[in-house]
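Numbering (the working numbering), first residue to last: -5 to 84. By construction, the Cβ of each residue, glycine as well, lies at the ideal position given by its N, Cα and C atoms. Note that this is a predicted model, so its numbers are computed, not measured. Everything on this sheet refers to the single structure shown next.
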Amino acid sequence: MIRGWIVDFYCDAARLVIEVDGDIHDLQRAEDERRTLALHLEGLKVLRVRNEEVLTEMADVVARVVEAIHHSKVGPDHGGREVAPGESTE
(Lines of atoms letter the chains of each structure in order from A and count residues from 1; the text may use other names and numbers.)
(Lines give C-alpha, C1' and ligand atoms only; values in the text may rest on other atoms or scores of the structure.)
Protein backbone atom coordinates (compact mmCIF):
# COMPACT_ATOMS: atom_id res chain seq x y z
CA MET A 1 0.00 0.00 0.00
CA ILE A 2 1.34 3.40 -0.97
CA ARG A 3 -0.32 6.41 0.68
CA GLY A 4 -3.59 4.49 0.89
CA TRP A 5 -3.42 3.13 -2.64
CA ILE A 6 -3.18 -0.63 -3.14
CA VAL A 7 -0.92 -1.32 -6.12
CA ASP A 8 -0.38 -4.59 -7.94
CA PHE A 9 3.44 -4.52 -7.95
CA TYR A 10 6.00 -2.04 -6.67
CA CYS A 11 9.77 -1.83 -7.11
CA ASP A 12 11.17 0.59 -4.56
CA ALA A 13 14.66 0.73 -6.13
CA ALA A 14 13.17 1.98 -9.42
CA ARG A 15 10.23 3.82 -7.78
CA LEU A 16 8.08 1.91 -10.27
CA VAL A 17 4.46 0.85 -9.83
CA ILE A 18 3.15 -1.82 -12.19
CA GLU A 19 -0.61 -2.06 -12.53
CA VAL A 20 -2.19 -5.04 -14.29
CA ASP A 21 -5.59 -3.87 -15.50
CA GLY A 22 -8.61 -6.01 -16.26
CA ASP A 23 -11.91 -5.12 -17.89
CA ILE A 24 -13.14 -3.24 -14.81
CA HIS A 25 -10.58 -0.54 -15.55
CA ASP A 26 -12.43 0.28 -18.77
CA LEU A 27 -15.25 1.50 -16.54
CA GLN A 28 -13.12 3.52 -14.14
CA ARG A 29 -10.72 5.45 -16.33
CA ALA A 30 -11.17 8.73 -14.43
CA GLU A 31 -10.40 6.98 -11.14
CA ASP A 32 -7.31 5.32 -12.66
CA GLU A 33 -6.10 8.67 -14.00
CA ARG A 34 -6.56 10.28 -10.58
CA ARG A 35 -4.71 7.42 -8.92
CA THR A 36 -1.85 7.58 -11.45
CA LEU A 37 -1.53 11.34 -10.89
CA ALA A 38 -1.45 10.83 -7.11
CA LEU A 39 1.29 8.21 -7.48
CA HIS A 40 3.25 10.53 -9.81
CA LEU A 41 3.01 13.25 -7.18
CA GLU A 42 4.69 10.77 -4.80
CA GLY A 43 7.58 10.61 -7.27
CA LEU A 44 6.59 7.23 -8.68
CA LYS A 45 6.39 6.05 -12.27
CA VAL A 46 3.31 3.99 -13.16
CA LEU A 47 3.34 1.33 -15.86
CA ARG A 48 -0.06 -0.07 -16.81
CA VAL A 49 -0.48 -3.34 -18.68
CA ARG A 50 -3.61 -5.26 -19.54
CA ASN A 51 -4.37 -8.73 -18.20
CA GLU A 52 -4.46 -10.00 -21.78
CA GLU A 53 -0.95 -8.68 -22.43
CA VAL A 54 0.39 -10.59 -19.43
CA LEU A 55 -1.25 -13.78 -20.68
CA THR A 56 -0.42 -13.51 -24.38
CA GLU A 57 2.54 -11.13 -24.76
CA MET A 58 4.66 -11.75 -21.66
CA ALA A 59 7.96 -11.07 -23.44
CA ASP A 60 6.70 -7.64 -24.49
CA VAL A 61 5.46 -6.90 -20.97
CA VAL A 62 8.83 -7.89 -19.49
CA ALA A 63 10.62 -5.69 -22.05
CA ARG A 64 8.40 -2.73 -21.06
CA VAL A 65 9.11 -3.34 -17.37
CA VAL A 66 12.87 -3.51 -18.01
CA GLU A 67 12.71 -0.31 -20.07
CA ALA A 68 10.70 1.45 -17.35
CA ILE A 69 13.26 0.36 -14.74
CA HIS A 70 16.14 1.67 -16.83
CA HIS A 71 14.35 5.00 -17.28
CA SER A 72 13.45 5.31 -13.60
CA LYS A 73 16.79 5.09 -11.87
CA VAL A 74 16.28 6.59 -8.44
CA GLY A 75 18.25 5.90 -5.35
CA PRO A 76 20.35 7.41 -2.60
CA ASP A 77 23.23 8.04 -4.99
CA HIS A 78 20.88 10.03 -7.23
CA GLY A 79 19.72 12.39 -4.53
CA GLY A 80 16.16 11.11 -4.77
CA ARG A 81 15.60 12.37 -8.29
CA GLU A 82 15.05 10.59 -11.58
CA VAL A 83 18.07 10.24 -13.81
CA ALA A 84 17.47 10.71 -17.51
CA PRO A 85 18.70 8.01 -19.90
CA GLY A 86 22.38 8.55 -20.59
CA GLU A 87 22.75 11.05 -17.74
CA SER A 88 25.74 10.52 -15.49
CA THR A 89 25.13 10.01 -11.79
CA GLU A 90 28.62 11.15 -10.83
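Do you know whose CA, among the options, lies nearest residue i's CA?
i	options	result
Arg29	Asp2, Glu61, His64	Asp2
Ile(-4)	Gln22, Leu33, Ile12, Asn45	Leu33
Leu38	Arg9, Tyr4, Ile0	Arg9
Gly(-2)	Glu36, Arg23, Gln22	Glu36
How is the beta strand (DSSP E) around residue i delimited, first residue to last?
i	result
Ile12	10 to 15
Leu41	39 to 44
Starting from residue i, follow the alpha helix (DSSP H) in both directions and report where the run begins and ends.
i	result
Leu35	23 to 35
Ala53	52 to 64
Residue i and residue j: beta carbons closer than 9 Å?
i	j	result
Val163	Ile12	Not covered by the structure: residue 163. The range shown for the chain is -5 to 84.
Glu46	Asp54	no
Arg58	Leu31	no
Can you name, in chain order, every residue of its own chain whose Cβ lies under 6 Å from the Cβ of residue i, other than the five neighbours on each side?
i	result
Tyr4	Val11
9 Å is my cut-off, CB to CB: does residue i come that close to chain C?
i	result
Asp6	Absent from the structure is chain C; it holds one protein chain and no more.
Note down, in chain order, each residue of its chain lying with its Cβ closer than 7 Å to the Cβ of residue i, except the 5 sequence neighbours on either side.
i	result
Asp14	Looking at the sequence itself, residue 14 is Val, so the reference to Asp does not match. The residues are Asp2, Val43, Asn45, Val48.
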